[in-house]
Structure formats: C-alpha cells, structure tokens
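Novice: Using our numbering, read the sequence shown as starting at 1469 and increasing by one per residue. Quick reminder that beta carbons are idealized off the backbone N, C-alpha and C, glycines included.
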Amino acid sequence: MKFPLFRHRVRSDTISALYGTIVAQARLPCFYREYGVPDTVSGRFDLLVLHLTLVLDRMADEQQLRELGQALFDHFCSDMDRNLREMGIGDLSVPKHMQSVGEAFYGRAEAYRSGLARTSE
C-alpha cells in the first residue's frame, strides 16, 4: 500500500496537453478532405474516439501509464459533458446523453480494436 503523500499524481496540465494533441490530430483537414470522413458532429466524434482509443490502448499496455490513461479518459468525459452543455443540452438531460456518449465510445472502441486485430494477423 502506498502512502497517499508519496503517491504520484498525474498533472492536469499534462492531461490537457495530451488531450489537446489528440483532438488536434483528430481534426486534421486531411481526414475530412482526402479520406471522406464527414465533417459533422458524428464524424468528428468518430475520429476523436479512434485516436483516443489508440492512445488509451497503448497506455494500458504499460503499468506506469495506466493512471495517466485513466486521467485522460476522465478528461475526455469532462470534455464531452462540457460540449453537451455548450450545445444546449439541459442539466437534467446531460446524464442521459453522457450514457449515450459512453455507449458510443465503447462500441466504437471495440470496433476499432477488432479491425486493428484483424489487420495485424
């Protein structure tokens, strides 16, 4: 058991920078112009989840990076919550929409993992 005082904490600026990099990568114009990803909320969400899944899966492979991966996923959830509110979703409806976001994330992440596993065989 680690003493809480000595436990390593993930810095929020590190998480923000990493998440910002993932978002920037997912928003590169080439995905929308050259690869035909629709420039819609759904298309952008798909690319964000794809990039986030790749990073989170890599972090899950390394014990030292798992805490960072969890903090990154938590930041993603906070960002989705904030985006829903900015889109005008009311406070009482946000939890229901966040459940849908979670289901969409896990469904897409599994599909991406499945596709990647087939190509590496």
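Counting pairs of beta carbons, one from the stretch 1567 to 1576 and one from the stretch 1506 to 1524, are three or more of them closer than 8 Å?
Specialist: Verdict: yes, contact present.
Novice: Are at least three pairs of beta-carbons, each pair with one atom in the stretch 1515 to 1529 and one in the stretch 1540 to 1548, less than 8 Å apart?
Specialist: yes
Novice: Tell me whether D1507 sits in a helix, a strand or coil according to DSSP, three-state version.
Specialist: The count along the sequence shown starts at 1 and reaches residue 1507 at position 39. Per DSSP, reduced to three states, the secondary structure at D1507 is coil, with no helix or strand assignment.
Novice: CA-CA distance, I1557 and D1507?
Specialist: Start at 1 with the first residue of the sequence shown, and residue 1557 comes out as number 89. Start at 1 with the first residue of the sequence shown, and residue 1507 comes out as number 39. Distance between the alpha carbons of I1557 and D1507 is about 21 Å.
Novice: Let's see if you can read the secondary structure: which residues bound the alpha helix (DSSP H) around R1501?
Specialist: Here residue 1501 refers to the residue found at position 33 when the sequence shown is read from its first residue. It spans 1497 to 1501 - the alpha helix (DSSP H) in which R1501 sits, taken as one unbroken run.
Novice: Kindly give me the distance between the Cβ atoms of V1491 and L1536, rounded to whole angstroms, as I take these residues to be in contact under 8 Å.
Specialist: Within the sequence shown, the letter at position 23 stands for residue 1491. Within the sequence shown, the letter at position 68 stands for residue 1536. Not a contact, Cβ separation roughly 17 Å.
Novice: Does DSSP put L1540 in a helix, in a strand, or in coil?
Specialist: Along the sequence shown, read from residue 1 onward, the residue named residue 1540 stands at position 72. When DSSP states are grouped into helix, strand and coil, L1540 belongs to the helix group.
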